[in-house]
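Asks: Numbering (this note's numbering), first residue to last: 3 to 350.
Idealized CB from N, CA, C, for every residue including glycine.
Because the structure is a prediction, the values reported are computed rather than measured.
For reference, the structure I am asking about is given below.
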Ligand SMILES: Cc1cc2nc3c(=O)[nH]c(=O)nc-3n(C[C@H](O)[C@H](O)[C@H](O)COP(=O)(O)OP(=O)(O)OC[C@H]3O[C@@H](n4cnc5c(N)ncnc54)[C@H](O)[C@@H]3O)c2cc1C
Ligand code: SF4
Ligand code: SF4
Ligand code: SF4
């Protein structure tokens, strides 16, 4: 890539074409102060761009040929057999911690891995998604440094949370050993940051957890138009949401409102139709609830991921079911990965 490319090119190729995922990577890596800010899930130029091209190199939506990322991470490139990416081992597991299981989205495995890593001193904090204190269900990037904060922010918000923005805060707060939790688009941005040797942000990252992701929804559309206005549900009364064939909205009074997926499709973010990664293929560990009930399908992909997960296993923080019982989940994983790879709109 030419060294003279700048924010204009990112604007033209990614942001204006509507394919920006809103990950925030460009904003934190810009080496010059007060040039980019993050607003309305996109970068905004507020200073004079120096055309260093770093933002273009990390952007997960900038069409860079970077198969060598797989070589960097796994020591080999993906083949047509690696339908959902390269991996070492797959588990079906759930947390043994009642609090985590209750608050967790599926088996609470993400939060269990984080608490285990924190207990053992492997990390001193993690980047997750929290909720805006004044706006119910509005996700917000967050740095967590203790078990209570990890558990308090477990569960899934199906609208976009630019977790990478919190990486800057974590580094500025002096965290030296960080776990990063995020969607596949964010994991790709982190990997591109690693490939481009942006050590300030990548050296502290000990491991990454990628969340399976078919799509994310717009907050205004799903939470305000559909749930708050359309169904007259006070968002403060929603205790959990999940997607299992239908969108399930769990209320404080114990009721579960079931919404057919076709009724929420129109609130899917357009930017997600350009995304070809369902299962966070470049993460150290990838997690999803695919076809499971209160269990998490756990794909350990790298040596680092295996080392982290082995520690969780040896501490008896998780219980397991035999993978053979969940053939349908694996079939679904393959099917959804293929659908996403084929559906990807051509953005060249
Ligand atoms: C937008 C989105 C779409 C998803 N789509 C699918 C899907 O199609 N199929 C599937 O099987 N799984 C999907 N998942 C993953 C699934 O919802 C669970 O996150 C995963 O199974 C792990 O569950 P857990 O109980 O182990 O995690 P938990 O222990 O509950 O931890 C979940 C972690 O995710 C973080 N988080 C919550 N919301 C967000 C967000 N918006 N962005 C980034 N991080 C967040 C939390 O802070 C927490 O650290 C999706 C997740 C997201 C965020
Ligand atoms: S990273 Fe470089 S190219 Fe991008 S906005 Fe900042 S100065 Fe411009
Ligand atoms: S780096 Fe992320 S936020 Fe910036 S333009 Fe690319 S996708 Fe959008
Ligand atoms: S589908 Fe998920 S991973 Fe892909 S751009 Fe949308 S939020 Fe990011």
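With distances taken from each beta carbon to the nearest heavy atom of ligand 2, which residues come in below 6 angstroms, in chain order?
Replies: 8, 9, 32, 34, 37, 38, 51, 52, 53, 54, 55, 56 and 57
Asks: Compute every distance between the C-beta of residue 248 and the non-hydrogen atoms of ligand 3, then say whether any falls below 8 angstroms.
Replies: no
Asks: Hey, quick one: how far does the beta strand (DSSP E) through residue 182 stretch, first residue to last?
Replies: 180-184
Asks: Mapping DSSP to helix, strand and coil, what is residue 384?
Replies: With the chain covering only 3 through 350, there is no way to say anything about residue 384.
Asks: Give every residue whose Cβ lies closer than 5 angstroms to any heavy atom of ligand 3, listed in chain order.
Replies: Those satisfying the condition are, in chain order, 16, 22, 23, 25, 27, 28, 45, 61 and 63.
Asks: So which of 213, 144, 202 and 170 has the shortest CA-CA distance to residue 190?
Replies: Selected option, being the one with the closest Cα: 213.
Asks: Rounded C-beta distance between residue 43 and residue 162? I'm assuming under 8 angstroms.
Replies: 6 angstroms
Asks: So, at 6 angstroms on beta carbons, what are the nonlocal neighbours of residue 170 in its own chain, with the 5 sequence-adjacent residues on each side left out?
Replies: Cβ neighbours of residue 170 beyond the five flanking positions: 30.
Asks: Any idea which residues DSSP pairs residue 42 with across the strands?
Replies: Residue 42 is not bridged to any residue.
Asks: Decide if residue 69 is buried, meaning its Cβ has at least 16 other Cβ atoms within 10 Å, or exposed.
Replies: exposed
Asks: If contact is defined by three or more beta carbon pairs under 8 angstroms, each pair taking one atom from either stretch, is the segment 312-325 in contact with the segment 190-205?
Replies: no
Asks: Is DSSP giving residue 263 helix, strand or coil here?
Replies: Helix.
Asks: Rounding to the nearest angstrom, what Cα-Cα distance links residue 264 and residue 178 in this structure?
Replies: 44 angstroms
Asks: In chain order, what residues of the same chain have a beta carbon less than 8 angstroms from the beta carbon of residue 105, not counting five sequence neighbours either side?
Replies: 113, 153, 154, 156 and 157
Asks: Can you check whether the CB of residue 252 is closer than 9 angstroms to the CB of residue 240?
Replies: yes
Asks: In the DSSP assignment, find the alpha helix (DSSP H) that holds residue 339 and state where it starts and stops.
Replies: 329-345
Asks: Which residues mark the beginning and the end of the beta strand (DSSP E) in which residue 246 is found?
Replies: 240-246
Asks: In this structure, does DSSP put residue 86 in helix, strand or coil?
Replies: The three-state secondary structure of residue 86, taken from DSSP, is coil.
Asks: Kindly indicate which residue of 341, 316, 293 and 276 has the alpha-carbon position closest to the one of residue 332.
Replies: 293
Asks: Leaving out five residues before and five after residue 270 in sequence, what residues of the same chain have Cβ atoms less than 7 angstroms from its Cβ?
Replies: 217 and 219.
Asks: Apart from the five residues just before and just after residue 255, which ones in its own chain have a Cβ nearer than 8 angstroms to its Cβ?
Replies: 239
Asks: The alpha helix (DSSP H) with residue 116 in it runs from where to where?
Replies: 111-121
Asks: Of the residues 79, 135, 196 and 285, which one's Cα is nearest the Cα of residue 27?
Replies: 196
Asks: Please determine whether the Cβ atom of residue 214 lies at a distance below 8 angstroms from any heavy atom of ligand 1.
Replies: yes
Asks: If I follow the unbroken alpha helix (DSSP H) through residue 163, where does it start and stop?
Replies: Where residue 163 is concerned, there is no enclosing alpha helix (DSSP H), given that its DSSP letter is neither H nor E.
Asks: Got a sec? Which residues, its chain only, sit under 7 angstroms from residue 11 by beta carbon, not counting five neighbours each side?
Replies: 58
Asks: Is residue 279 close to ligand 4? I mean its beta-carbon at under 8 angstroms from any heavy atom of the ligand.
Replies: yes
Asks: Alpha carbon to alpha carbon, how far is residue 21 from residue 343?
Replies: 16 angstroms
Asks: The beta strand (DSSP E) spanning residue 211 covers which residue range?
Replies: 207-213
Asks: What residue range is occupied by the uninterrupted beta strand (DSSP E) comprising residue 131?
Replies: 127-133
Asks: Excluding the 5 residues flanking residue 149 on each side, which residues of the same chain have their C-beta closer than 6 angstroms to its C-beta?
Replies: 117
Asks: Quick one, are the C-beta atoms of residue 127 and residue 145 less than 9 angstroms apart?
Replies: yes
Asks: Name the DSSP bridge partner or partners of residue 280?
Replies: Answer is none; residue 280 lacks a bridge partner.
Asks: Might you give, ordered along the chain, the residues of its own chain that have their beta carbon closer than 6 angstroms to the beta carbon of residue 102, omitting 5 neighbours on each side?
Replies: Counting only Cβ-Cβ distances below 6 angstroms, and skipping sequence neighbours, we find 110, 113, 114 and 153.
Asks: Taking 8 angstroms as the cut-off, is the beta-carbon of residue 108 closer than that to any non-hydrogen atom of ligand 1?
Replies: yes
Asks: Are the beta-carbon atoms of residue 186 and residue 281 separated by less than 9 angstroms?
Replies: yes
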